[in-house]
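Q: Sharing a structure below in structure tokens format, with a few things to ask.
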Amino acid sequence: MTPPCRASDSDKFIERELLRHCHRESCSRIASQDHTMIAPSIYHPQAELEQMIAELEALDDWNSQVMAETEIGVFDWPLRSHELYLSPIFKRMLGYSDHELPDSLQAWLSHIHADDYDRVTSALDHAVRSGARKFQTVHRAKHRDGTTPLFLIKASIVRSSQGTPTRMLGAVIDLTSVTKELPVGGV
């Protein structure tokens, strides 16, 4: 964002040039004791703001409905933290209500089946350290009732402009019912 420019009474040329390059709706004059400032501003009429809010709420409702109807769990992991947001749907896929399972990396990792744990954590570590932008794995999970659902996890690794991994955002799909429908011998 460009800083505001001062235009004194003796320098109307600069003021005219600033105004010429500035749209009326996006700039405003701010008067003070000894000078006038022409500053960029953000102006949205109340009706426009209300419309934007309504559109965002509708999009959020749509997103929530899609996730609930398709039973897709999501997670958000700021990589420098041991906190990991696990959506209520993800927790339900493991047999828990939202308040019964903490939002933590340990909560997720502790529900990876023991036979898949090393492979999944190794692949996860490699994806984060290697510069990859995507992570995907299929693994068995430990459900609260003792069953072992099969999960597909697909995630994006967000990186800073220097390439440092900052967060992982992902989706979790329970493949258990899909694999039961496959004919013997696979597809």
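The sequence shown begins at -17 in the working numbering and counts up one residue at a time.
Backbone N, C-alpha and C fix where the C-beta goes; we use that ideal spot for every residue, glycine too.
All of these numbers come straight from a predicted model, not from anything done at the bench.
Provide the residue span of the alpha helix (DSSP H) that contains Asp58, from first to last.
A: To locate residue 58, count along the sequence shown from 1; it is residue 76. Unbroken run through Asp58 is the beta strand (DSSP E), Ile54 to Pro60; no alpha helix (DSSP H).
Q: Could you say which of Gly113, Asp97, Asp80 and Arg62 lies nearest to Gln144 if we only look at CA atoms?
A: On the sequence shown, residue 144 is found 162 positions in, with the first residue counted as 1. Ranking the options by Cα distance to Gln144, first place goes to Gly113.
Q: Alpha carbon to alpha carbon, how far is Ala105 from Leu66?
A: By one-based count along the sequence shown, residue 105 stands at place 123. By one-based count along the sequence shown, residue 66 stands at place 84. Near 18 Å, if we compare the C-alpha coordinates of Leu66 and Ala105.
Q: If you follow the alpha helix (DSSP H) that Gln88 is part of, which residue opens it and which one closes it?
A: What you label residue 88 is simply residue 106 of the sequence shown in a count that begins at 1. Its alpha helix (DSSP H) spans residues Leu87 to Leu91.
Q: By a C-beta neighbour count over all protein chains shown, 10 Å radius and 16 as the cutoff for buried, is Ile35 buried or exposed?
A: Numbered from its first residue, the sequence shown carries residue 35 at position 53. Ile35 comes out exposed.
Q: In angstroms with no decimal places, state the Cα-to-Cα distance between Met75 and Ile54.
A: Position 93 of the sequence shown holds residue 75. Position 72 of the sequence shown holds residue 54. Spanning the two alpha carbons is a distance of roughly 9 Å.
Q: Between Asp156 and Pro131, what straight-line distance do the alpha-carbon atoms span, to the nearest angstrom?
A: Your numbering for residue 156 matches position 174 in the sequence shown. Your numbering for residue 131 matches position 149 in the sequence shown. Distance between the alpha carbons of Asp156 and Pro131 is about 7 Å.
Q: What three-state label does DSSP hand Ala137 in the structure shown?
A: Along the sequence shown, read from residue 1 onward, the residue named residue 137 stands at position 155. Three-state result, Ala137: strand.
Q: Does Thr181 come out as helix, strand or coil in the three-state DSSP assignment?
A: The structure shown has nothing for residue 181, since the chain only spans -17 to 169.
Q: Compare the C-beta of Ala89 against all C-beta atoms of chain B and say whether one is closer than 7 Å.
A: Chain labels in this structure do not include chain B; a single protein chain is all it has.
Q: Just to check my reading of the structure: Ser86 and His121 have Cβ atoms closer than 8 Å, yes? What is that Cβ distance to the nearest angstrom?
A: What you label residue 86 is simply residue 104 of the sequence shown in a count that begins at 1. What you label residue 121 is simply residue 139 of the sequence shown in a count that begins at 1. That belief does not hold up - the Cβ atoms of Ser86 and His121 are roughly 18 Å apart, past 8 Å.
Q: Confirm, please, whether the CB-CB distance from Ser69 to Val56 is below 7 Å.
A: As a first step, residue 56 is located in the sequence shown; it is residue number 74 there, counting from the start. As a first step, residue 69 is located in the sequence shown; it is residue number 87 there, counting from the start. Yes, the Cβ-Cβ distance between Val56 and Ser69 is below 7 Å.
Q: With H, G and I counted as helix, E and B as strand and the rest as coil, what does DSSP make of Asp107?
A: As a working mapping, residue 107 is identified with position 125 in the sequence shown. Asp107 falls in the helix class under three-state DSSP.
Q: For Gly77, which residues from the same chain have a beta carbon less than 7 Å from its beta carbon, with the 5 sequence-adjacent residues on both sides left out?
A: As a working mapping, residue 77 is identified with position 95 in the sequence shown. Closer than 7 Å at Cβ, skipping near neighbours: His125, Arg126 and Asp127.
Q: Quick one: using the 10 Å Cβ neighbour count with 16 as the cut-off for buried, is Leu38 buried or exposed?
A: Sequence index remark: in the sequence shown, residue 38 carries index 56 (1-based). It counts as exposed.
Q: Which first and last residues belong to the beta strand (DSSP E) in which Lys73 is found?
A: Along the sequence shown, read from residue 1 onward, the residue named residue 73 stands at position 91. Segment Pro70 to Met75 is the alpha helix (DSSP H) holding Lys73; no beta strand (DSSP E) there.
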